[in-house]
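Okay, so here's the structure we're looking at.
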Amino acid sequence: MTRPVRVLSLYEGFFAGGARILHSDVVAGLAHRGAQQHRVLSLTSAARRDASVQFARDDTRFRRLRDAGVMIDTLDRVAGDRPIAPEDFTPAELALAAHLIAESDVVLSLKEQPLSLVVALQRAGMLPDRPLAACLHRSDPTHSGPALGWLVDAAASGAVTATIACAESTSSAYARAGVAARDAWVIDNGIDTRRFRPGTRAERRRIRAGLGIPEQAPVVLLAARFDAMKDPGLFLRAVARHARTAPGAHYLMCGSGMTPDNPAFRALRADSGVAADVPVHALGLREDMPELYRIADVVALTSAFGEASPLCLVEGAASGAIPVTTDVGDAARMVAGFGLVTPRDEDAIVRAWDDALALRPEMRAAALAARGRLDRRRMIDDYRAAISGLLLSDALAA
Numbered sequence: 001m002t003r004p005v006r007v008l009s010l011y012e013g014f015f016a017g018g019a020r021i022l023h024s025d026v027v028a029g030l031a032h033r034g035a036q037q038h039r040v041l042s043l044t045s046a047a048r049r050d051a052s053v054q055f056a057r058d059d060t061r062f063r064r065l066r067d068a069g070v071m072i073d074t075l076d077r078v079a080g081d082r083p084i085a086p087e088d089f090t091p092a093e094l095a096l097a098a099h100l101i102a103e104s105d106v107v108l109s110l111k112e113q114p115l116s117l118v119v120a121l122q123r124a125g126m127l128p129d130r131p132l133a134a135c136l137h138r139s140d141p142t143h144s145g146p147a148l149g150w151l152v153d154a155a156a157s158g159a160v161t162a163t164i165a166c167a168e169s170t171s172s173a174y175a176r177a178g179v180a181a182r183d184a185w186v187i188d189n190g191i192d193t194r195r196f197r198p199g200t201r202a203e204r205r206r207i208r209a210g211l212g213i214p215e216q217a218p219v220v221l222l223a224a225r226f227d228a229m230k231d232p233g234l235f236l237r238a239v240a241r242h243a244r245t246a247p248g249a250h251y252l253m254c255g256s257g258m259t260p261d262n263p264a265f266r267a268l269r270a271d272s273g274v275a276a277d278v279p280v281h282a283l284g285l286r287e288d289m290p291e292l293y294r295i296a297d298v299v300a301l302t303s304a305f306g307e308a309s310p311l312c313l314v315e316g317a318a319s320g321a322i323p324v325t326t327d328v329g330d331a332a333r334m335v336a337g338f339g340l341v342t343p344r345d346e347d348a349i350v351r352a353w354d355d356a357l358a359l360r361p362e363m364r365a366a367a368l369a370a371r372g373r374l375d376r377r378r379m380i381d382d383y384r385a386a387i388s389g390l391l392l393s394d395a396l397a398a
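Taking UniProt numbering, the leading residue of the sequence shown gets 1, the next gets one more, and so forth.
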C-alpha cells in the first residue's frame, strides 16, 4: 500500500479517563510519524459525568488530537450513565458512520461501548467490510453493561476481527466472558516519560507552595474519578487512620467529581471519619498532573474492580512517587520491583503507605530505573505492528 494506512477510531465520547488518555496518545503518536492517517468518530459531543457536563471541544484529548492533525467527527449527542443502544441511532448517523468506515482501512473501537454503532450498522446491512479491533481496558467486563453483549455478538459474527488488550488480565477476562475474535494482542500501556519525570528541588518547592504544602510534608496522591470502581471511600477511610499517626501528611485527590462542589464527595468525606483539620486537597479535574506527581511521595490506588493497567501507577512512578495499589488487574505485575500491593483494608493500606514512606529513597531509585520500560514509544510501535497485523490477517482470510 503506497498511501498511508487510513485508521478510524470510534470513541463513546471525550471525557476524563485513563483509556481515553492512552488511546489518544497512541493515535496522536501514530499520526505524527506519518505512515498512518488517523481520524476519530465520537458518538457524542458532550458527556454528563461525575455531576458535571463536559464538552468534547474542551477536552484535553480532543484538543491534542486536533493539534496533531487528526480529524474528529462527533454526533450531536450527550453521553450519560449508559452507552447509546443500537436502536437509538438515526438513519443520518448510520449513513455518516458507514461512509467514514468505508473510507478507512482499519477501524479501532475505544473500549466496547462504541460497538453499539457497529451492531446497528450490521443490523441495517450498512456495515462496510473492514478489519475492526476492540481496544479493551477493563479487567472485569461484567461491569460494561449491555456493551459486553454487543462485543460478544460482534466478535461471533466477524464484525469485530480482533481485540487489543492493555493487560493480560483484560485479555483473559474477556475471553472468559465469551469474546472470541479471530486475533488477540496484549499491548502494555506506556507513558510520555518526557512529561512524567522527577521534579527539581526548585520545581517541587514551587508546586508545594502553590498548594500550601510544607516542603518536607509527606504527600499521598489519589488520581481517580469519583466512582465506585475507584473506591474513594476506602481511600478516605485510610486517610482518617493514617492522619492520626502521621499528622504532618497531606493528601491530594484529583479527578472528575473529586471536589467539595460535588455533594456526594462531601457526604463521603463526612462519613469516612476524616477530621476537619486533616489537609485533604480535593482538586477535581487537573491539567497539571505531571506537576502533582512530582510532589507526591506515594501514588495510591484503592480500586475495587475494573482496572486493567492503571496509568496513574506508572505516571507516578516515572515521576518519582512510590505506587501503593490494591491487587486489581495487572497492577501487581506493573509495579513489581518498585511498588507495593495491599489488601483492600484500611489498616493494611496505612501500613503500606508507612512502609513506602520509610523506604522512599530505595524505592524511588527503583521506580526511576524502570522509566525505560514504561515509555510510550514502545507502546506506539506495538500498536503500529498490530494495525499492520490486522491488515495482513484480513488479507489472508479473504
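Ideal placement from N, C-alpha and C gives every residue a C-beta, glycine not left out.
Three-state class that DSSP yields for residue i in the structure shown
i	result
GLY125	coil
ALA165	strand
LEU285	coil
residue 433	Outside the displayed range of the chain (1 to 398) lies residue 433, so it cannot be described from this structure.
PHE265	helix
ARG225	coil
HIS38	strand
HIS23	helix
HIS242	helix
ASP354	helix
VAL119	helix
VAL78	strand
LEU368	helix
residue 401	This structure cannot settle anything about residue 401, because the visible part of the chain is limited to 1 through 398.
PHE62	helix
ASP381	helix
LEU8	strand
THR44	coil
SER52	strand
LEU359	coil
HIS250	strand
THR193	coil
ILE295	helix
CA nearest to the CA of residue i, picked from the options
i	options	result
LEU311	ASN189, GLN216 and PHE62	ASN189
ALA85	VAL106, GLU103, THR200 and LEU117	LEU117
VAL219	ILE207, PHE226, ASP227 and MET229	ILE207
ARG237	ILE164, ARG225 and VAL278	VAL278
ILE295	ALA336, ALA370 and GLY212	GLY212
PRO91	ALA102, LEU121, ASP73 and GLY339	LEU121
ILE380	ALA16, HIS32, THR60 and THR2	HIS32
residue 460	ALA156, GLY306 and GLY389	In the structure displayed, the chain extends from 1 to 398; residue 460 sits before or after that span and is not available.
GLY145	ARG205, GLY306 and SER104	GLY306
THR74	ARG20, SER52 and ALA56	ALA56
THR2	TYR11, GLY34, GLU203 and ALA19	GLY34
THR259	TRP353, ASP58 and SER52	SER52
residue 399	ALA246, LEU390, ALA134 and LEU96	Lying outside 1 to 398, the shown extent of the chain, residue 399 is not represented and no answer is given.
Exposure label - residue i; buried when at least 16 CB within 10 Å
i	result
THR342	buried
GLN216	exposed
ALA270	exposed
VAL107	buried
SER9	buried
VAL239	buried
GLN396	Note on residue identity: the sequence assigns Leu, not Gln, to residue 396. Exposed: under 16 other Cβ atoms inside 10 Å.
GLY125	exposed
ASP297	buried
PRO214	exposed
ARG82	exposed
GLY17	buried
Proximal residues to residue i (C-beta, below 7 Å), its chain only, five neighbours per side dropped
i	result
PHE235	LEU222, ALA300 and THR302
TYR383	VAL26, LEU30 and ILE187
GLY233	LEU268 and SER272
ASP330	ALA167, GLU168, SER169, ALA308 and SER309
ARG378	GLY190
PHE196	PRO290, TYR293, GLU315, ALA318 and SER319
SER24	ARG61, ARG64 and LEU65
Same chain, Cβ closer than 6 Å to residue i, neighbours up to 5 away in sequence not counted
i	result
LEU115	SER109, TRP150, LEU151 and ALA154
MET71	ARG39
GLY253	Looking at the sequence itself, residue 253 is Met, so the reference to Gly does not match. Cβ within range, chain order: LEU222 and ALA282.
GLY337	ALA366
GLY13	SER42, THR44, ALA47 and ALA79
ALA249	PRO218
ARG77	THR44
ASP105	VAL5 and ARG6
ALA224	LYS230 and GLY255
ALA370	PHE338
SER375	In the sequence as presented, Ser is not what sits at residue 375; that position holds Asp. GLY190 and THR193.
Close beta carbons around residue i, own chain, < 8 Å, minus the five adjacent residues each side
i	result
GLY158	ARG182
ALA393	Going by the sequence as given, residue 393 is Ser instead of Ala. Contacts found: PRO131, THR161, ALA162, ARG182 and ASP183.
GLN36	PRO4, VAL5, ARG6, VAL7, LEU30, ARG384 and ILE387
Proximity test, residue i beta-carbon vs the ligand HEM heavy atom, cut-off 8 Å
i	result
ALA28	As presented, the structure is devoid of all ligands, the ligand HEM included, so that no description of it is given.
9 Å Cβ cutoff, residue i in contact with chain C
i	result
ALA365	This model lacks chain C altogether, as it is built from one protein chain only.
Which ranges does the alpha helix (DSSP H) cover as unbroken runs of at least 4 residues, wholly within the segment 298 to 335, from first to last along the chain? 311 to 318 and 331 to 335
Extract the residue ranges of the beta strand (DSSP E) inside the segment 90 to 117, only unbroken runs of 3 or more that lie entirely within it. 106 to 110
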